[in-house]
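Novice:
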Amino acid sequence: METLQDTSNTILQLSYALDTFYFLMCGALVMWMAAGFAMLEAGLVRAKNTVEILTKNIALFAVACTMFLLCGYSIMYPGQGEGEIIPYFGMLLGSENELSSVLKGGEDAPYYSTRSDFFFQVVFVATAMSIVSGAVAERMKLWSFLLFAAVLTGFIYPVQGYWKWGGGFLEAKGFLDFAGSGVVHMCGAAAAFAGVLLLGPRKGKYTAKGQVNAIPGANLPLATLGTFILWLGWFGFNGGSQLKLADVENANAVAQIFVNTNAAAAGGVIAALVIARLLFGKADLTMALNGALAGLVSITAEPLTPSAFAATLIGGVGGGLVVFSIILLDKLKVDDPVGAISVHGICGIWGLLAVPFTNAEASIWPQLLGIIMIFGWVFVTSLIIWYVIKQIVGIRITEEEEFEGTDLVECGMEAYPEFTSNKA
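All residue numbers for the sequence shown refer to the working numbering, where the first residue is 4 and numbers rise by one.
(1) Hey, F382 and A193: beta-carbon distance below 7 Å or not?
(2) Return helix, strand or coil for Y160, following the three-state DSSP convention.
(3) Determine the DSSP secondary structure at Y209, reduced to helix, strand or coil.
(4) Considering only C-alpha positions, which residue in the set L145, D22, W35 and A274 is nearest to G323?
(5) Is the stretch 59-74 in contact with the stretch 240-259, if contact means three or more CB pairs nearer than 8 Å?
(6) Mind checking which residues open and close the alpha helix (DSSP H) that includes T227?
(7) Going by C-alpha distance, which of N222, G207 and I395 is nearest V215?
(8) Check for me: the alpha helix (DSSP H) holding N60 runs from which residue to which?
(9) Is the distance from the Cβ of A66 to the Cβ of A152 below 7 Å?
(10) In three-state terms, what does DSSP make of V341?
(11) Determine the DSSP secondary structure at R118, reduced to helix, strand or coil.
(12) Applying the criterion that 16 or more other CB atoms from any shown protein chain within 10 Å of the CB defines a buried residue, is G8 buried or exposed?
(13) What distance in whole Å lies between the Cβ atoms of V186 and G3, which are believed to be in contact at a cut-off of 8 Å?
(14) Mind checking G213: buried by the 16 CB within 10 Å criterion, or exposed?
(15) Report yes if the C-beta distance between V262 and A311 is below 7 Å; otherwise report no.
(16) Give me the residue from G86, T69 and F121 with the minimum Cα distance to V33.
(17) From G242 to G220, what does the alpha carbon distance come to, in whole angstroms?
(18) Please state whether the Cβ-Cβ distance between G46 and L223 is less than 7 Å.
(19) Do L386 and I374 count as a contact pair if the criterion is CB distance below 7 Å?
(20) Opposite M143 in the DSSP bridges: which residues?
(21) Give the range of the alpha helix (DSSP H) segment to which F422 is assigned.
(22) Name the two residues that bound the continuous alpha helix (DSSP H) containing N253.
(23) In this structure, how does DSSP classify V358 when only helix, strand and coil are distinguished?
(24) Return the CA-CA distance between K144 and A363, expressed in angstroms with no decimal places.
(25) Could you give the first and the last residue of the continuous alpha helix (DSSP H) run that contains N293?
(26) CB-CB under 7 Å to G183, same chain, minus the five flanking residues each way: which ones, in chain order?
(27) Measuring only the C-alpha atoms, how far is L246 from A217?
(28) Which one of A129, F24, R142 and V54 has the shortest CA to CA distance from E403?
(29) With the cut-off set at 7 Å, would you say V396 and S147 are in Cβ contact?
(30) Give every residue of the same chain whose Cβ lies closer than 6 Å to the Cβ of A131, excluding the five residues on either side of it in the sequence, and list them in chain order.
(31) Between G431 and N12, what straight-line distance do the alpha-carbon atoms span, to the nearest angstrom?
(32) What residues in its chain sit with their C-beta under 8 Å from that of G203, if we drop five residues either side in the sequence?
(33) Could you give the residue range of the alpha helix (DSSP H) that holds M79?
(34) Alpha carbon to alpha carbon, how far is T10 from S116? Give it in angstroms, no decimals.
(35) Quick one: what's got a C-beta closer than 7 Å to L106's C-beta in the same chain, skipping five residues either side?
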């Protein structure tokens with residue numbers, strides 16, 4: 004006959020299994036965002052650079068997974084040094100034997116597998132690196148990019164991740180970033196901004212008189228598909244960050260997060276589309292796509308506490324900001340082919356600043372501290388690494404190679420050979 008203790012143990016194990024399964028499925032959704040980034044970027048660059056973009060996206064994902072496994076995860080979650088600035092630098096994942104801890108219960112008992120936590124975190128770091136890919140598109144050397152990817156995902160990202168999510172000093176100061184408007188998105192944008200400054204704009208993008216020449220993407224249906232994939236993946240990104248599902252309170256919280264995430268994206272699209280119509284006299288699809296992503300980035304810092312209407316407004320502000328930011332960066336001759344710096348950087352900052360509007364536990368000063376520390380750390384270290392790579396192996400292809408396209412130069416193949424080949 005089953006005892007009360009046996010029943011309690013069964014409930015604990017079922018809860019553990021359900022939360023672990025939920026965590027893994029959310030991680031899989033975030034992994035699917037890698038496809039979204041690949042499609043979005045491939046659609047917004049010229050046809051002659053498509054293969055290289057796709058190669059970068061699958062390669063950076065592999066590099067990120069490997070580097071985070073080797074050292075990144077242990078740096079970000081050292082299990083010691085709470086409230087500190089410098090984390091413990093460990094290597095590889097530890098062993099996992101958590102059943103006895105689960106059955107003991109209590110506040111310190113794990114409620115999901117450590118391996119599921121690693122999987123969820125590793126797809127986040129790959130997301131941060133994907134942001135960099137689009138910003139430096141069409142003129143960066145492939146292997147220089149992958150070398151930087153190894154450093155960012157293995158060392159730069161984990162340190163600032165530790166400051167917030169690993170129990171470091173930003174967590175102790177009260178900085179709030181629920182799912183990563185700062186830790187993931189602003190981090191990726193800061194690294195991208197440093198690279199773009201050293202890389203320079205694409206040839207023909209800006210004239211000597213300061214005129215901006217539009218360089219249209221080759222496949223807007225593909226870019227639109229990529230945006231929808233990212234929108235879908237974001238439910239795992241924000242929903243999984245609740246970390247728990249197997250009780251009424253957390254299940255309701257996850258549902259609210261899903262609703263708010265969707266509402267913010269919708270608000271971003273509407274705002275970007277309306278503002279583009281007012282500014283340009285046309286419905287600009289690329290602005291609408293970036294508006295959706297801007298809304299998603301904006302709500303990521305706090306997707307739980309706002310009402311659905313407030314989430315729509317937060318996303319709408321992000322959608323408006325991204326249009327003006329893209330225009331401003333072009334005026335400053337900062338060439339970002341996909342708008343990644345504006346979407347993930349400017350809207351990441353806005354998302355962090357918006358948290359105190361809906362979360363009574365947040366205040367503006369810790370949010371400003373987090374923005375300054377994360378952006379400062381990632382930008383400065385990235386600028387140093389980019390500069391070192393530039394001096395050693397170079398980061399930019401030649402003008403002749405840029406004219407020919409990175410597909411043939413870096414990969415030796417074309418994405419659409421039937422349109423460029425003379426063969427039958």
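Every residue gets a Cβ at the ideal spot worked out from N, C-alpha and C, and that includes glycine.
Specialist: According to the data block:
(1) Translated into the one-based positions of the sequence shown, residue 382 becomes position 379. Translated into the one-based positions of the sequence shown, residue 193 becomes position 190. Yes. Within cutoff.
(2) Here residue 160 is taken as the residue at index 157 of the sequence shown, counted from 1. In this structure, Y160 counts as helix in the three-state DSSP scheme.
(3) Counting from 1 along the sequence shown, the entry for residue 209 is found at position 206. Three-state result, Y209: strand.
(4) Here residue 323 refers to the residue found at position 320 when the sequence shown is read from its first residue. For the residues L145, D22, W35 and A274, the minimum Cα distance to G323 belongs to A274.
(5) no
(6) Taking the sequence shown and counting its residues from 1, the one referred to as residue 227 is at position 224. Its alpha helix (DSSP H) spans residues L223 to G242.
(7) By one-based count along the sequence shown, residue 215 stands at place 212. Residue G207 is the option with its Cα nearest to V215.
(8) The residue you call residue 60 lines up with position 57 of the sequence shown. Residues T53 to M70.
(9) The residue given as residue 66 occupies position 63 in the sequence shown. The residue given as residue 152 occupies position 149 in the sequence shown. For clarity, residue 66 is Val in the given sequence; the question names Ala instead. Closer than 7 Å, so yes.
(10) Along the sequence shown, one-based indexing puts residue 341 at 338. V341: coil per DSSP, three-state reduction.
(11) The residue you call residue 118 lines up with position 115 of the sequence shown. Reduced to three states, the DSSP call for R118 is helix.
(12) Taking the first residue of the sequence shown as 1, we reach residue 8 at position 5. Inspection of the sequence shows that residue 8 is occupied by Gln rather than by Gly. With fewer than 16 Cβ atoms within 10 Å of its Cβ, Q8 is classed as exposed.
(13) Since the first residue shown for the chain is 4 and the last is 427, residue 3 is missing from the structure and cannot be characterised.
(14) Residue 213 sits at position 210 when you count from the first residue of the sequence shown. When all chains shown are included, G213 counts as exposed.
(15) For the purposes of this step, residue 262 is taken as residue 259 along the sequence shown, with counting starting at 1. For the purposes of this step, residue 311 is taken as residue 308 along the sequence shown, with counting starting at 1. Going by C-beta atoms, V262 is nearer than 7 Å to A311.
(16) Taking the sequence shown and counting its residues from 1, the one referred to as residue 33 is at position 30. When only C-alpha atoms are compared, the closest one is F121.
(17) If you number the sequence shown from 1, residue 242 lands on position 239. If you number the sequence shown from 1, residue 220 lands on position 217. In a straight line, the C-alpha of G242 is about 32 Å away from that of G220.
(18) Mapped onto the sequence shown, residue 46 falls at position 43. Mapped onto the sequence shown, residue 223 falls at position 220. Cβ distance < 7 Å, so G46 and L223 count as in contact.
(19) Taking the first residue of the sequence shown as 1, we reach residue 374 at position 371. Taking the first residue of the sequence shown as 1, we reach residue 386 at position 383. Against a cut-off of 7 Å, the Cβ pair of L386 and I374 comes out as no contact.
(20) Numbered from 1 along the sequence shown, position 140 holds the residue referred to as residue 143. M143 is bridged to R399.
(21) Within the sequence shown, numbered from 1, the residue matching residue 422 stands at position 419. That residue, F422, is in no alpha helix (DSSP H); it is neither H nor E in DSSP.
(22) As a first step, residue 253 is located in the sequence shown; it is residue number 250 there, counting from the start. V251 to F283 is the extent of the alpha helix (DSSP H) around N253.
(23) If you number the sequence shown from 1, residue 358 lands on position 355. Helix.
(24) Taking the first residue of the sequence shown as 1, we reach residue 144 at position 141. Taking the first residue of the sequence shown as 1, we reach residue 363 at position 360. Those two C-alpha atoms are separated by around 46 Å.
(25) The residue you call residue 293 lines up with position 290 of the sequence shown. It spans L288 to T303 - the alpha helix (DSSP H) in which N293 sits, taken as one unbroken run.
(26) In the sequence shown, counting from the first residue as 1, residue 183 sits at position 180. Result list for G183: F127 and T303, in chain order.
(27) By 1-based counting over the sequence shown, the position of residue 246 is 243. By 1-based counting over the sequence shown, the position of residue 217 is 214. Taking the straight line from one Cα to the other gives about 43 Å.
(28) Position 400 of the sequence shown, counted from the first residue, corresponds to residue 403. Considering only alpha carbons, the answer is R142.
(29) On the sequence shown, residue 396 is found 393 positions in, with the first residue counted as 1. On the sequence shown, residue 147 is found 144 positions in, with the first residue counted as 1. In this structure, S147 lies closer than 7 Å to V396 by Cβ.
(30) Residue numbering aside, residue 131 sits at position 128 when the sequence shown is read from its first letter. Result list for A131: Y160, V187, C190 and G191, in chain order.
(31) Nothing about residue 431 can be read from this structure; the chain reaches only from 4 to 427.
(32) Translated into the one-based positions of the sequence shown, residue 203 becomes position 200. Once the five neighbours on either side are set aside, the close Cβ partners of G203 are R142, D338 and R399.
(33) The count along the sequence shown starts at 1 and reaches residue 79 at position 76. Its alpha helix (DSSP H) spans residues Y76 to M79.
(34) For the purposes of this step, residue 116 is taken as the residue at position 113 of the sequence shown. For the purposes of this step, residue 10 is taken as the residue at position 7 of the sequence shown. Cα to Cα, the separation comes out at about 21 Å.
(35) Numbered from its first residue, the sequence shown carries residue 106 at position 103. In this predicted model, L106 has a pLDDT of only 49, less than 50, meaning its place in the structure is not dependable enough to derive any value.
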